[in-house]
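K.L.:
Residue numbers (the numbering used here): 183 to 269.
Glycine residues also receive a C-beta, built at the ideal position from the N, C-alpha and C atoms.
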Amino acid sequence: MTITKDDEDIEIKEFVRLRKNACKARGVIKKQINAFVLRHGFNYQRSKWTVAHIKWLKQLELSVILRETLNEMLLQYYDLNDRNDEI
C-alpha cells in the first residue's frame with residue numbers, strides 16, 4: 183500500500199486531534215477538582231496547578247470518603263498529565 187501526501191495529512195490531523203482531546207480532558211479534570219474543593223469550603227488563593235497547589239490539595243483535611251474521592255480525581259489528573267507529556 184502506497185501512502186500518499188493526503189494520507190499523511192489525514193494521519194497528522196488525527197494525531198493533532200488526539201493531542202487536543204487529551205489536553206481538553208486534562209482541563210476538565212482540573213476544573214472538576216477545583217469545583218470539588220470549593221464545594222467543600224476550600225479555596226486556594228495562589229496560582230493553581232503548581233507544586234505548592236498540589237501539595238495543598240494532598241494536605242486538605244477531609245473525611246475518609248471525600249479524601250478517597252479527591253485522591254481518585256488526582257490520579258486521573260496525573261494520568262492525563264503523563265499522557266499529554268508522552269504525546
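How would you write the range of the alpha helix (DSSP H) that ASP251 sits in, first residue to last?
P.N.:
Residue identity differs from the one stated: residue 251 is Thr in this sequence, not Asp. Taken as a continuous stretch (DSSP letters only), the alpha helix (DSSP H) holding THR251 covers 246–268.
K.L.:
Could you have a look at GLU243 and say whether DSSP puts it in helix, strand or coil?
P.N.:
GLU243 falls in the coil class under three-state DSSP.
K.L.:
Taking the alpha-carbon positions, what's the LYS237 to ASN263 distance?
P.N.:
Taking the straight line joining both Cα atoms gives about 16 Å.
K.L.:
Report the rounded CA-to-CA distance for ALA234 versus LYS240, giving the unit in angstroms.
P.N.:
10 Å
K.L.:
Please classify LEU220 as buried or exposed, where buried requires at least 16 neighbouring CB atoms within 10 angstroms.
P.N.:
exposed
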